[in-house]
Structure formats: C-alpha cells, structure tokens
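*Asks:* Please read through the structure below; I'll follow up with questions.
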Amino acid sequence: MTKTISRRDFLKLGAASVGALAMGQMLPPKVAQAARAAGTINAEGDGFVHSMCEMCVWRCGLIAKVVDGRVVKLDGNPEHPHSRGNLCPRGQSGLMNTYDPDRVRTPLIRVGKRGEGKFRQASWDEALDLVASKMTAIKNKYGAEAMVFSSTHNLSQPLFENLLYAFGSPNYGTQRSLCFNAMIVANTMTYGMEEPARIYDDKLKYILLTGRNLLEAISTSETHDLIMAIDRGAKVVYLDPRYTKTASKATEWLPIKPGNDLAFHLALLNVIIGEKLYNRSFVEKNTIGFDELKKEVSRYTPEWAAPLTGIPAETIARIAHEFADAAPHALAHNGWRTSNFVNSFHTQRAITILNALMGNWDVVLTEAGGEESGTLGAPAQPAYPRISALRLDGVPWKYPVVPFKIGVFQELRDNIVSGEPYQAHGWFISRQNPIMSLPDRGKTLKAFGKLDFIVTVDIVLNDTAWFSDVVLPEASYLERYDPLMPMGDKVFLRQPVIEPQGEAKSALWIYKQLGARLGLGDYFQYTDEEDYLRQQLAPLGVSLEDVKAKGYAEAPETAHSGESSEKTWNTPSGKIELFSDTLAKVGFSGVPTWDEPPQPDEGQFFLLTGKIATSTQFGTQNNQLLHKYSEEPRLWMNAQTAAELGLATDDWVEVTSEVGQIHTQLLATQAIRPDCVYMTPGYGHLSKGLKTAYGVGANDSAVHVTYTDPISGGQALSQTFVTVKKA
Amino acid sequence: MTEIKHHAYLFDATRCIDCRACMVACSVENNVDMDKTRIWVAGVGIKGTYPDLQRGTMVYHCMHCNHPDCMSACPVGAYTKVEDGPVTYNPDLCIGCRYCMNACPFGVPHFDYDKGIIDGAFIDKCTFCPQRIYNGQEPACVQTCPTDALEYGDRDELIKKAHERIAAHPDRYIDHVYGEFENGGTSYLILSHIPFSALGLPNLPETPVNEVSEKVMEMTIPFALGWGAVLTGVAAGVGLYNKKQEDKAAIAEKAEAVK
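So the sequences go chain by chain: L and V.
Each number in my numbering comes from the position in the first sequence (counting from 1) with 5 added on.
Each number in my numbering comes from the position in the second sequence (counting from 1) with 45 added on.
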C-alpha cells in the first residue's frame, strides 16, 4: 500500500507537535513518570499499559494504548483468564467513561435544595474537612451506628470496610441482596462456599440454565465458554419467560411461568430421586440429609409441576432423564438471579442440590479461588473497635442466615425510613447508586429526606450524587491504582493508564485522607497507593515495577482441597448438606420445599427486568459509545396481547404498580410470555448532570415493589405486578 | 499465525450473540464519528410466533471483494484492491460522485453528507485496520469478539476451516460458505444456520458483476471503431445507391427528352 500524506494529515501533525512541545516544557506528570520507569510508555508518552477493566465486576484484563498521554484504545489482555484477549462492548467503550464530558472534576458541596443539582466547587481540604466534621458530629450525638456506609463489590472494598468498621458502624450496605443473595446463601448452606467455579471442558454435555442469560449478561470468558460448549454440541436447556439472545442459541427454550422455577426443579429432584438416577456412591460419601430430601420431594411430581410452570410433565421428566444420562458432565447453572421471588432461596437450593446428587463435583463444579490471597501482604492495622449496636438491615436479628458481608440492603433503606430500631442520620456512599439500584425509588428518596448528611464518591453526578450534600470525585479505573486482585496462580494489577481528569483521586487516597481526619489513621498505614501495593507485594519478593510492566505477578495458589473422595466441606457437618440443620434451627425448612409465589391479578402483568450487553446496571447509560450502539429502551409486551389491548410498537404507555407509575414506549414482540412485560433496567435517570442518559427511557426502580425473601434476604425483583394502558 | 497471503474475515452467524463489541471496538480504533458506524448488525431479528421462534444476526462491514464493484465504478481511481486482500479508499482522490454507493451490491460505502468537498472525506467504510494487521494484530472487531463469531486469517485457510466446520456439524450449518464464490469471491466469508437471504445478503452470481461490465467496457473502443467502419460502409453504400438512382433518373430523363 502506498501512503500519501494529505493536507489534513499535515494539519494533524502540526497540532500534535505543538502539543508535544508544550508538554515537554513542563515536568512530566506522575503517571507518565511511573509508566516510563516501568518501561510501558516511551519519552513521547506513547505505549501500551496493562491494567484491568471495571465496566462490570468481572474485571477483564486489558491493554490500553496510550498516545500523547491519552488512552485511545483498549484491547483484552490475552494473558488474563477473564478476558483471554477479548472485551465486551462495555469494556471496549471504557475510555468513554473516563472521557465523559460529565465527569465530576472537583469536590462539590451542595448549595441548593437536595435534588436541585446546585453545587459549588470546593477544594479537597474543604470537602474532606466538612465530611469528617459532619460524620464526627453524628457519631458524638447519636453514636457511630447512626452513620450508614454502602459500597459495591470493588477492589478497594477492604479499605472501605476499614473506614466503616474503624469508625464503629455496623451498618454496611452492599448491592448483593438486590442481585444474588439467594444463590450465595444457598451455596453457603449446602456446600459451605459462596459460589463454586464452573468448568466448561470438552466433555461437558448438558447445561441447564435457569434464567442465566449469559449471552446478554456477559461475563466475557464464561460467555465464550458457553458458546464454545454449544459449538461442540453440548445441549443447553434454558428457562426464561423471555426469548432472549441466550434462548435463541439454546437447544431448548422453556418459557416458564415466573416464580415457578422452584416447582420445575423440585420435580427434577422428584424424578431423579424417585427413579434412583443419582450418583449413589457420591451421595453416600459426601452428603447428609438424603432421606429428609427424598421424603420432601416425593410429592413434587412432574404432573404436579406442569400446571404451575406451564411446562408439560413429560418434558420435565425427559429433562431429568437427559440430565442424569449426561452426568457427571451435566451442569445445572445457579444463575445469579432466576426470576426472583420470595421463594428464590429454595429454588437456588434445589439447583445446588441437583448438582450434588449428580456427583459432578470436580467435574463441572469446583472450589473457586477467593478474591483474597493469603500470599499477599497488607499494612499493619489495629483491631476494630467492638460494635454492639444492632444492624439496621436486620442481619442477624431478622435474617439469621444472611452473612454480614452481604446484608439486606432494601431492609436497611426501609429502616432508615421507619427509624427502627434507631434513627440513622448520615450515609456515606462510595461507587454505588442506591436511588436507582433499590426497588421503590420513592421510598429511597424518602430515606434520603430522613438524613442530616449524605456524601457520595463517584466519577459522575449519578442520581445518588445528585441528591447528596457532598460529592467526592473519584479517579476512573483508567486513572488509578486499586489493591491487587488474586486470580488462580497470579495477582493482577489495576494501574493508572493516564492522569486523572481534573482533581479526581483514587479511593485508596480518599479513604486514607478521610481516615486521618476521623482519627483513624492507624487503619490506613500506607503513604500512597504505590506504597500500599509494595506492602501487598512484599511477601512475593516482586517489585512493583515488574508488576506494572506485565500487569500481573506470579503468586502461589491457595491450596486446593483435592479429590472429592477425601474432601471435607466448610459446613457444620463437614458434608454437603441436602438437609441443613442450621436452617431448621432458625425455623426454616431444612430441605427445599414448595412455597407458592403470589400471582398477578386479572389485568396485571409480571414486570420482568434483565440485563443487556451494552449496559451494566445503571452506571453506563451516560457512556456515549454505549449510548450510540444501544437500542432505545422500551417496554416489551407480547404482540398478541398488545393487539388485544389496542397497543402497538412505539405507543406511549402508562405502567403502574402499587408504588409508582412510569411512562414509556412499547415494543410489541413475540419474544415474551403473554402474561409478562419486560423493561431494561437502569434508565430514566433523575440527574440532569448526566447529559447523555437524562431523558432516555423509564426507570424500573420507580415501579419495583420491595419484597424480601425471608431466608436469603434477596429482593424479589420479579414479584412486581403492573397494569399497562395507553398514556 | 501462519503467513497471511490474502487477509480475510470469517463470520459465523451461529456464534454471534449481537453484543456489538465489534461495533464499539471499530468506532474507537478508527475514531469513527459518533453519528456514524462502519459495522452494522443486520439479519432477521426474531421470526416466528410465540413460542416457536428463531433469531438470526449478522454483523457486516466492507466485504473486501476480490473484484470490487466500488473500484470498478469509481471514475477517479479512489479505490484500490490491495494484492493481499483489503479494498482501500483514498479520500484525497474522491470527488463525491457516489457511484460506488450505487455499485456496491452490499450497500457498504456510506456518504458523509455533512462534509463539503473542501473538508475531504466523502465516503466511510471499513479499512481492514491496516494499522493493526500490518503490525501483527487482528482487526479491532475480530480481536474483541467474545464468542469468536468473527475470525481473521488467510482466506484459503479460513475457507478450509469453514468447510471443516460444516462437515463437523452438517445438521447445524447451511452447506455453503458465502463469499467463497459470490461476486467472484469476497474477503469476508460467512457461515450460517439460516438462509443467507434471511441474513440480508444478496443472491449474487459467481461471475462478478463488474467482470461482465468491464468486459463490455473493454470492448467499447473496438466496437466503436468497428461500428464506425460499418456505418462508414453503409454511408458509402447508401451514397453509391443514391448515385446509381440519380444516374438511372438522369438516363430516364435523357430518354424522355429523346422521345
């Protein structure tokens, strides 16, 4: 190919060299200095930097291409087990989160009424002093427990936990009860671990997906694994009231009636136990409570489940036989959340037990490597103060088997409103958006109204920041260090690829600064982010520069528990608990049992929500690249039903639940059960500080009703019933 | 990767999950304007009636034809078929006539209606990421694809791979590699489980359209010369005939006069 330089190229070259000249006269910025020391960026500011994605919590490895100190492209890191060289659309769009024109560049202090969006810029010193003084005042007047802390699953979480536990508050909100509490608690009660890892090897023959829309709710490597398993000819049976993209690739799609996944799985157990299709030696050696389980499921025949699920009895029986024939190379995927109802804990237990009966341990399921590695160092710190106050989220006094680290977020919000068992007065929120994530947005705003002080750490003015008193601008994932992430026999690094926009700072820096002002400096014994990482790396004998150059360090893997025959499980009995005495002791059924879900009234629909490939929760709708390639969010309704109601695609409709009402446009489609409607969550933002996302779509949280599974504390996200009429 | 003599893509519709990572990757890699795209998702979407449904998706961009119609139609030579596969476009030569848009059977070249002749580029299309493929990287769309629905390699090897995949799963695939022969062969090859027409692909003959047109065009001058000669001959003949008729008339006149 011949390359000719046009007039336009000349103009570009001219502009670039002027820029380079101006830069050269200044001292090189911090990131560039560090990157040059590690050899990842040359003297011109160009190069490739290894880091980790944060467009969702899967954390793929990435390689960022940097030109003139700007990140211009992200590619998947082939050496990272979560990306294997690929990135999903969100990962590809990541630089647009960093270069979002709506980024918060300085600390902000509210000057108008809450929700008016009037803020003034402040220095870090002023903002941090204000936050520390407000928190101290609340602690002195009402006790430390009057401060609520919440943050979502991220790598700086240990330091966030330091902040809240050192401060002395028991009130810790995570998003997990809005997502997968049922799955985590079910696995913990059965296997003694949160979530086993899944093995997609060449022998895998049968995959049962209960609402796990893996081809739209993308976890890059697992999505790849599933497609390759299908490619090799594995059978996939997929349960979902919607014909999703996963349904279209499945061998068999079963449009099950929402809330009845439990009936389907109880019937599978009925056939498998009744016809002795399970792995007897594995069950005898590794489990307890088989007789109790057998007795309970004997009444759940396929004929019983058929009218509940809308799936013929012979189909259920056939799938039970097929699954057993394929075992142990058969996987019943827990999913993260099935159609979520108050009975979801039992559904998840039934799925977990189905795997256990097949003896597929160490064949398709195995122990997952933790996110904390015993091989890494950490700064010294004192013990936490003793905390005696009750938790506002009802753990454990109302939810006895929900782990502390997981909690029941919607209950926490409800008790801020009720003031029971005591009144909360402040809320520290980091990288989380409860106004959009919690069901019943009106109630969350009411909770905000009860509080004297709200501070939010984020990169943009999300809805929660919009209603806060102080906003602290965090550096984006391409601009900051985070604590190391162990995975397999490596630890991976997130490192800054470019300088932060404006005065944005890392969470490691923010928590340390705040800790110092609260008199908790001993819990943050690192001089800066790099010092924290050096202390983590010390036991490995690896230099930070080496890790920066490669993006990871070798670290011996935590010992695997070995062959299943000698395996002991981290449960009270040391076995896989088909019957759980822990559950029985606190008054729940020790084995999965049928719990009839509530039904919509005549004229009402099940309101379903579910992920799409081009967004993550409610945090990416302002990303211009994702906005470019996302479809306009609309309310799906079965085309036949819509025709009967005189509704057509693009009609504006009014959607009403018992807690709220929204207006949105309709999509009449064949791809959904006639008794359901679906909307993509995360749209309909209130913050006018999000100029791309504002005014797009309608908000699901505004209509979602709060129902909590009494065992796992999970929000029953599919248990909202709505009416739909022409707006 | 083996040496690539002819750069090509293989798209497998059975693997595509319509996630659009390729589209975002292309937009970032090539700094494509926010209101434009060089990759499209086409295909049938959802077909059928609940609950008997089927879904198809095709991701496409420039097919990089072996006999590019855009190049054939371009009056100023702005298109080049590079020997190793890519069809390139030179905005500096383009005069914005849009003949290529009409000529392309896949509707690929897109006209930049926002820009005037002074601003340069008129047409936007896939470049095959030369900045990547000549530096040992896959094109941006291929590199990121989370399901390997898009693959990149040597055309002959990808064709071989495609046929192997069909042979391994004859029940799954339509027994045809679209682009192997269509329009004289393309560098974007497609495997599918549903008819190619349902993916929005035109039914093209194996002989490239432009091969016919170019042959015709090649004959223009000889034909014009030949036709000119014929016409000259005819004109001469007519003249001769007229002359004869005139002579006859003159003789008759003379004869009349004699009477």
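Backbone N, C-alpha and C define an ideal beta-carbon position, used for all residues, glycine too.
Strictly by DSSP, which residues pair up with L/R611?
*Replies:* According to the sequence shown, residue 611 of chain L is Phe rather than Arg. For L/F611, which the question treats as bridged, DSSP gives the partners L/C681, L/F726.
*Asks:* What are the start and end residues of each continuous alpha helix (DSSP H) run of 4 or more residues lying completely inside the region 235-322 of chain L, in chain order?
*Replies:* You should have 250-254, 266-279, 285-291, 295-302, 307-314.
*Asks:* Interface residues of chain V around L/Y248 at Cβ under 7 Å?
*Replies:* Within chain V, the residues near L/Y248 are I91, L98.
*Asks:* With DSSP as the reference, label L/N91 as helix, strand or coil.
*Replies:* Coil at L/N91, not helix or strand.
*Asks:* Is the CB of V/V69 under 7 Å away from at least one CB in chain L?
*Replies:* Interface residue, yes.
*Asks:* Taking buried to mean at least 16 other C-beta atoms within 10 Å of its own C-beta, is L/D409 buried or exposed?
*Replies:* In the sequence on display, residue 409 of chain L carries Phe and not Asp. Its Cβ having fewer than 16 others within 10 Å, L/F409 is exposed.
*Asks:* Which of the three DSSP states, helix, strand or coil, is assigned to L/Q518?
*Replies:* The answer is helix: DSSP assigns L/Q518 an H, G or I state.
*Asks:* Along the region 186-204 of chain V, where does the CB come closer than 9 Å to a CB of chain L? Name the residues.
*Replies:* Here the close residues are Q188, T189, C190, P191, T192, D193, A194.
*Asks:* Less than 7 Å between CB atoms is the rule here; does L/S3 satisfy it with respect to chain V?
*Replies:* This structure does not reach residue 3 of chain L, given that chain L is present from 6 up to 732, and the question cannot be answered.
*Asks:* Could you give the residue range of the alpha helix (DSSP H) that holds L/F529?
*Replies:* First-last for L/F529: undefined, no H or E at that position.
*Asks:* Using a Cβ cut-off of 7 Å (strictly closer), state whether V/F56 contacts chain L.
*Replies:* Taking Cβ atoms only, chain L never reaches closer than 7 Å to V/F56, which makes this a no.
*Asks:* Would you decide whether L/D606 is buried or exposed? Buried here means 16 or more other CB atoms lie within 10 Å of its CB.
*Replies:* Exposed, because fewer than 16 other Cβ atoms sit within 10 Å of the Cβ of L/D606.
*Asks:* Considering V/A72, what are the terminal residues of the beta strand (DSSP E) in which it resides?
*Replies:* Here the sequence assigns Ser to residue 72 of chain V, which means Ala is not the residue at that position. V/S72 -> not in any beta strand (DSSP E); alpha helix (DSSP H) instead, spanning 66-74.
*Asks:* Can you list, in chain order, the residues of its chain whose CB lies under 6 Å from that of L/A318, leaving out five sequence neighbours each side?
*Replies:* So the qualifying residues of the chain are P307, E308, A311.
*Asks:* Kindly list the residues whose CB is nearer than 6 Å to the CB of L/D474, restricted to its own chain and excluding five residues on each side of it in sequence; keep chain order.
*Replies:* Once the five neighbours on either side are set aside, the close Cβ partners of L/D474 are R115, F458, I459.
*Asks:* Run the CB neighbour count on V/V283, radius 10 Å, all protein chains shown included, and call it buried at 16 or more, exposed below.
*Replies:* With fewer than 16 other Cβ atoms within 10 Å, it is exposed.
*Asks:* Where does L/A151 land, buried or exposed, given buried means 16+ other C-beta within 10 angstroms?
*Replies:* Label assigned to L/A151: buried.
*Asks:* Compare the Cα-Cα distances from V/G130 to each of V/L249, V/I49, V/T59 and report the closest residue.
*Replies:* Checking every option, the nearest Cα to that of V/G130 belongs to V/I49.
*Asks:* DSSP on L/E59, reduced to helix/strand/coil?
*Replies:* Of the three classes helix, strand and coil, the one that applies to L/E59 here is coil, per DSSP.
*Asks:* Residues in the region 53-82 of chain L with C-beta within 8 Å of chain V's C-beta atoms, listed in sequence order?
*Replies:* Cβ contacts with chain V come from V77, K78, L79, D80, G81.
*Asks:* Using only alpha-carbon positions, find the residue among L/R436, L/Q428, L/T461 that is nearest to L/A452.
*Replies:* Checking every option, the nearest Cα to that of L/A452 belongs to L/Q428.
*Asks:* Per DSSP, what kind of secondary structure is L/W111 in: helix, strand or coil?
*Replies:* Checking the displayed sequence, the identity of residue 111 of chain L turns out to be Thr instead of Trp. Note: L/T111 maps to coil in three-state DSSP.
*Asks:* Buried or exposed: L/A373, going by 16 or more other Cβ atoms within 10 Å of its Cβ?
*Replies:* So L/A373 ends up on the exposed side.
*Asks:* Does any C-beta atom of chain L lie closer than 7 Å to the C-beta of V/R83?
*Replies:* Not an interface residue.
*Asks:* How is the alpha helix (DSSP H) around L/N186 delimited, first residue to last?
*Replies:* 186-195 is the span of the alpha helix (DSSP H), which, as asked, contains L/N186.
*Asks:* Would you mind telling me which residues of chain V sit closer than 8 Å to L/N91, beta carbon to beta carbon, in chain order?
*Replies:* Here the neighbours are A66, Q188, T189, C190, P191.
*Asks:* Would you list, in sequence order, the uninterrupted alpha helix (DSSP H) runs of no fewer than 4 residues that lie entirely inside the region 75-119 of chain V?
*Replies:* You should have 114-118.
*Asks:* In terms of alpha-carbon separation, which member of L/G340, L/L164, L/V710, L/A644 lies closest to V/T94?
*Replies:* Among L/G340, L/L164, L/V710, L/A644, the Cα nearest to that of V/T94 belongs to L/A644.
*Asks:* Can you name the start and end residues of the beta strand (DSSP E) that L/A337 belongs to?
*Replies:* Element bounds for L/A337: 335-338.
*Asks:* Could you tell me the alpha carbon to alpha carbon distance between L/A361 and L/I581, rounded to whole angstroms?
*Replies:* C-alpha separation (whole angstroms): 8 Å.
*Asks:* Rounded to the nearest angstrom, what separates V/Q188 and L/I143 at their Cα positions?
*Replies:* One C-alpha to the other measures close to 52 Å.
*Asks:* For chain V, is any of its Cβ atoms less than 7 Å away from the one on L/L672?
*Replies:* No, because no Cβ of chain V sits closer than 7 Å to the Cβ of L/L672.
*Asks:* Got a sec, what are the start and stop residues for the alpha helix (DSSP H) L/R418 sits in?
*Replies:* Its alpha helix (DSSP H) spans residues 414-423.
*Asks:* Determine the chain L residues that contact V/E74 at a beta-carbon separation under 8 Å, and present them in chain order.
*Replies:* Simply K78.
*Asks:* Which one of L/L652, L/K616, L/L650 has the shortest CA to CA distance from L/P638?
*Replies:* With distances taken between Cα atoms, L/P638 lies closest to L/K616.
*Asks:* So which residues on chain L does V/M79 lean against when the C-beta distance must stay under 7 Å?
*Replies:* Within 7 Å Cβ-Cβ: Q629, K633.
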